[in-house]
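Taking it in order: structure first as structure tokens, then the write-up.
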Amino acid sequence: MKTCKNRTLFSSFITILALGTIILFSRTTYAESPKEIRIGATVSMSGHFSTEIGPFKKLMEAYATTINSRGGIYVKSVGARLPVKFIVYDDKSDGPTARKFYERLISVDKADILLGPYSSPVTFAASVAAEENKVPFIAICANSQKVYNRGFKWIVCVIDAAPRYTHRYWDMIKAEGWAKTVAFVVEDTLHPQGVYRGAKNLA
Numbered sequence: 081m082k083t084c085k086n087r088t089l090f091s092s093f094i095t096i097l098a099l100g101t102i103i104l105f106s107r108t109t110y111a112e113s114p115k116e117i118r119i120g121a122t123v124s125m126s127g128h129f130s131t132e133i134g135p136f137k138k139l140m141e142a143y144a145t146t147i148n149s150r151g152g153i154y155v156k157s158v159g160a161r162l163p164v165k166f167i168v169y170d171d172k173s174d175g176p177t178a179r180k181f182y183e184r185l186i187s188v189d190k191a192d193i194l195l196g197p198y199s200s201p202v203t204f205a206a207s208v209a210a211e212e213n214k215v216p217f218i219a220i221c222a223n224s225q226k227v228y229n230r231g232f233k234w235i236v237c238v239i240d241a242a243p244r245y246t247h248r249y250w251d252m253i254k255a256e257g258w259a260k261t262v263a264f265v266v267e268d269t270l271h272p273q274g275v276y277r278g279a280k281n282l283a
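Put into structure tokens, the structure is as follows:
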């Protein structure tokens, strides 16, 4: 199940990254032509979320290796193929730590585009750095509405919003017609609470 989940996330990641790169470089003017596409991210390689998302760094590296072996990504505004370079830090499954590293990715590493961390709580903190510095931030695995209801202009969500996260599941349950009652056990954090609020209405 986890392998399937990671593969799905990786496939989505490839599509998201390609579109993000196209949009970024089609709207950006450079004093001199860039030599590479610098993508900044944090991954929870330690801490609470490490078993869920820790291996994702290897998927990023595999993506870069594959793309660069083909000559990179063609950027029309530059008129050339550019290699992809990932700069990745371990956010330790912690929001303040993630924000610190995203600030570094922007100010020191000069990332062109940012991929968000795993989970809504960590993304909630990390995305502030992108918003304050006006750097595109693709939230690849965060769907709590609280992340997106702050009026931020530099963040985009690419998965179902938390209240709609389980709608296909409830469609299946209703189609089967077996269940008569349902009970919820909910963790008191952003993502589970958002999913619960939607699920109790969908059920």
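Under our numbering, think of the first position of the sequence shown as 81, with each following residue one higher.
Where a beta carbon is used, it is the ideal one built from N, C-alpha and C, also for glycine.
Under the three-pair Cβ rule at 8 Å, the stretch 168-182 counts as touching the stretch 120-128. Counting only residues of its own chain and dropping the five nearest sequence neighbours on each side, Leu195 has a CB closer than 6 Å to the CB of Ala121, Ile218 and Ile220. Below 8 Å, enough C-beta pairs join the stretch 269-281 and the stretch 219-239 to call them touching: three or more. Using a Cβ distance threshold of 7 Å, Phe166 and Ala142 do not count as a contacting pair.
Secondary structure of Tyr245 (DSSP, three-state): coil.
Residue environment analysis places Val266 among the exposed positions, since fewer than 16 neighbouring C-beta atoms fall within 10 angstroms of its C-beta. The alpha carbon of Gly175 has as its nearest neighbour, out of Ile133, Trp234 and Val208, the alpha carbon of Val208. As the crow flies, the alpha-carbon of Ser157 is around 29 Å from that of Pro197. Distance from the CA of Thr203 to the CA of Ser187, rounded to the nearest whole angstrom, comes to 19 Å. Trp258 and Ala283 have their alpha carbons spaced roughly 13 Å apart. Straight-line spacing of the CA atoms in Asp171 and Tyr245 works out to 25 Å. Taking all protein chains shown into account, Met140 has 16 or more neighbouring C-beta atoms within 10 Å of its C-beta and is therefore buried. Bridge partners of Val262 according to DSSP: none are assigned. DSSP places Ala178 in no beta strand (DSSP E) but in the uninterrupted alpha helix (DSSP H) bounded by Gly175 to Ser187.
Just so you know, the alpha carbons of Phe136 and Asp251 end up roughly 31 Å apart.
Across the structure, Ile117 and Pro163 are spaced so that their CA atoms are roughly 6 Å apart.
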